[in-house]
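For the sequence shown, full-length UniProt numbering gives the first residue as 1, with consecutive numbering after it. Glycine is no exception: its CB is placed at the ideal position from the N, C-alpha and C atoms.
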Amino acid sequence: MQFARRAEMITPSSTLAITAKANELKASGFDVIGLGAGQPDFNTPEFIIDAATEAAQAGHTKYTPSAGLPELKDAIIKKLKRDQGFDYERNQIIVGNGAKHVLYLLFQALLNPSDEVIIPAPYWVSYTEQVKLAGGVPITIETSERDHFKITVADLEKAVTAKTKAVLINSPSNPTGMIYSKEELEPIAEFCVKHDLVIISDEIYEKLVYNGNCFFSIAQLSESVKAQTVVVNGVSKSHSMTGWRIGYAAADAALIQAMTNIASHSTSNPASVSQYAAIAAYNGPQESIETMRQAFEQRLNTIYPRLVNLPGVTCVKPQGAFYLFPNIRPLSDACGFSCVTDWVKALLDEEKVAVVPGAGFGMPDYIRLSYATSLDNLEKALDRIEHFIKEHTK
C-alpha cells in the first residue's frame, strides 16, 4: 500500500511518543514518574461534570451546528469581553475539537501551497506539522535563552518574504513558559499590520501565569491589530478539560466561515455534551482556576532552584504555562551521550523518569519537563535525575 506524501512527511508527536512509552512501562509494573504530560493533573471541576451529566440526561446528545452551539459561542463572547475587553459576534467564533483542531482548521482555510508561516522556535510540536499538512512552509526563527526565547521585529525582517502569510505567537509559551509583554508585542503587531500578515495568537495558557507576571493579548493593542488576529484558546488548560476536546477561535467572520465549511466535512461538530460542559466552565465560578494556578506556582518555585543547581544545566525561569525548558547539552555531554535525545531515553530506561527531548520543539539541546504533577513526584524525579547523573559521571 502506498501512502500519500503528506502522511510520510509528518514527524510523529514527541510528547505523545514519550507518554506512550512511559505508560507502557507503567503497565508492566514499573514505578514511572511522568514529566512529559501536557495537561493539568487536576480533575475537571465538579460543577462542570454536573453540567455535562445534566445535558446528557436531558437528551442533548445529538448533532450541533458545525461551528458550535450558539449558547457556547455566547459564553465565549462573554469570556473574551470579561477578560480582554473584546467585542465579537457569533459569526466571528468557531468551536472545535480542542485548540489543536481549531489550529488545524485555520491552516487548512488560510494557506495555499508554498505560503509561509513564521514560527518562533522553540515551538509547540504540532505547529510546523499542521502548516506542512496544509501545503504551507513553516519558517522557524530560532530564539535564545539570552532573549528569553522571544522574537523581535529585527528577526521578522530577516524572515519575511513575499510568500509570508502569517506570524504565530504563543504566549504563555509551550515549551518555555515565556510571556510577551504589551511593549514587546507592539512593534510585532505594527510589523504585521504593515506587511498585511495574519497574526495567530495561541493563548491556551493565558490563565496560568506566576510570580506577578501578567498575560496580554496582542489583539488588545488596537482594532486594526484585532482585525488581523486569530485568537485561539479553549478550556483544556484553564479548566483542566483536556479530554473534553473543546477549543475555539475568534477572528474575521469570513475566515471563521471558511474554517466552519472545512469542519462540516470533517468532524461535523464538537461533542455535544462537551460543549455544554464548556458553557458551564465559562459561565460558572472561576475559583478553581486560581486554586490550580497557585498550586503550579508553588511547584515551579520549589523545583526550579533544584533544577538549575544540576551541573551543566541552564534554564530561564518560566513566567507561565507548566513547563521547564532547560538546556542540558553540557550535562548530556558530561554523561557520555552523543545527543540529548539519547540522554532522555536512558533516563527513562534506567531511572523511570519521562521527560520530552527538545528536538521535537526545534531545540535539540533542551528538554521539556512538565510540573503538572505532585510536588512529591517532582522531588522524587529530581532525586532520580541526580542519581542518574552521578552514575554516568563517575
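Query, Result
"Three-state secondary structure (DSSP) of TYR366", "strand"
"Three-state class that DSSP yields for PRO138 in the structure shown", "strand"
"Buried or exposed (CB count within 10 angstroms, at least 16 for buried), ILE348", "At residue 348 the sequence reads Leu, which differs from the Ile that was named. Buried is the call here."
"Cβ separation of PHE191 and SER173, assumed to be a contact under 8 Å, to the nearest whole Å", "No, PHE191 and SER173 are not in contact; Cβ-Cβ is about 19 Å, not under 8 Å."
"Where PRO172 sits in the DSSP three-state scheme", "coil"
"Chain-order list of residues whose beta-carbon lies under 7 Å from that of ALA372 (same chain, five-residue window excluded)", "ALA37, GLN39, PRO40, ASP41 and PHE322"
"With 16 other Cβ atoms within 10 Å as the buried cut-off, status of ARG329", "buried"
"Neighbourhood of residue 405 by C-beta distance below 8 Å, restricted to the same chain and skipping five residues each side", "Residue coverage of the chain in this structure runs from 1 to 394, which leaves residue 405 outside it and unanswerable."
"Boundaries (first-last residue) of the alpha helix (DSSP H) holding ASP333", "329 to 334"
"Residues near LEU16 in its chain [Cβ-Cβ closer than 7 Å; skip 5 each side]", "none"
"Nearest residue (CA-CA) to GLU351, options PRO122, HIS387, PRO326 and THR11", "HIS387"
"Nearest to residue 399 (by Cα), restricted to the options VAL230, MET178 and SER201", "Look at the range of the chain in this structure, 1 to 394, and you will see that residue 399 is not part of it."
"Buried or exposed (CB count within 10 angstroms, at least 16 for buried), HIS265", "exposed"
"Three-way DSSP call (helix, strand, coil) for ILE385 in this model", "helix"
"For VAL225 and ASN170, the rounded distance between their alpha carbons", "16 Å"
"Check whether ALA189 and LEU168 have beta carbons under 8 Å apart", "no"
"TYR304, enclosing alpha helix (DSSP H) - first and last residue", "287 to 308"
"Range of the contiguous beta strand (DSSP E) that encloses ILE119", "116 to 121"
"Cα-Cα separation between GLU145 and PHE361, rounded to whole angstroms", "14 Å"
"Cβ-based neighbour list, SER370, same chain, cut-off 7 Å, excluding 5 preceding and 5 following", "LEU35, GLY36, ALA37, GLY38, PHE322 and TYR323"
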